[in-house]
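In mature numbering (1 follows the signal peptide of the UniProt record, and there is no 0), the protein residues as written are -27 to -1, 1 to 90. Just so it is clear, CB atoms sit at the ideal spot from N, CA and C, and this is done for glycine as well. Model, not experiment: these values are computed from the prediction. Working notes, structure below.
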């Protein structure tokens, strides 16, 4: 029971910490916001950004890779502090980012399918 409680509390902390490190930086980027608005980029359930149709302008691809690299580093740091794995941190964050996605933005579910929120 104590382990389950610890995991649940860690998940809440993880989501908050990872969002603090990843979402604001991404949200402040007008190029990313435009790509999301155009349906080119979306949030994946695994906590990373994805290119919706598999192709995008090279500058958008580089931006997504850069943000994903920063997220990966943040997930690793949060995992070290909480005792969770980076994958657990990423997953909890992905679920939270998808929940916070705006109507019309693309999100990827567990099956790997993109859909509009």
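Straight-line Cα distance separating residue j from residue i
{"i": "residue 75", "j": "residue 90", "result": "7 Å"}
{"i": "residue 31", "j": "residue 45", "result": "21 Å"}
{"i": "residue 58", "j": "residue 41", "result": "17 Å"}
{"i": "residue -4", "j": "residue 54", "result": "With a pLDDT of only 46 at residue -4, under the threshold of 50, the placement of this residue in the model should not be trusted; the figure read from the coordinates follows. Each residue's Cα considered, the two are about 21 Å apart."}
{"i": "residue 73", "j": "residue 88", "result": "15 Å"}
Sub-9 Å separation of residue i and residue j beta-carbons
{"i": "residue 15", "j": "residue 22", "result": "yes"}
{"i": "residue 77", "j": "residue 10", "result": "yes"}
Chain-order list of residues whose beta-carbon lies under 8 Å from that of residue i (same chain, five-residue window excluded)
{"i": "residue 18", "result": "64, 67, 68, 71, 80, 81, 82 and 83"}
{"i": "residue -20", "result": "Its pLDDT being 49, under 50, residue -20 is placed unreliably by the model, and nothing is read from it."}
{"i": "residue 24", "result": "13, 14, 33, 34 and 37"}
{"i": "residue 4", "result": "32, 33 and 36"}
heavy atom of the ligand MN below 8 Å from residue i C-beta
{"i": "residue 25", "result": "Looking for the ligand MN in the displayed structure turns up nothing, as the structure carries no ligands at all."}
Closest by C-alpha distance to residue i, when choosing among the options
{"i": "residue 36", "options": "20, 8 and 58", "result": "8"}
{"i": "residue 86", "options": "73, 26, 43 and 60", "result": "26"}
{"i": "residue 60", "options": "20, 28 and 4", "result": "20"}
{"i": "residue 2", "options": "88, 73 and 39", "result": "39"}
Proximal residues to residue i (C-beta, below 6 Å), its chain only, five neighbours per side dropped
{"i": "residue 29", "result": "13"}
Problem - Minimum length 4: unbroken alpha helix (DSSP H) runs contained in the stretch 42 to 81 - result: Scanning the stretch 42 to 81 for uninterrupted alpha helix (DSSP H) segments of 4 residues or longer gives 59 to 73, listed from N- to C-terminal end.
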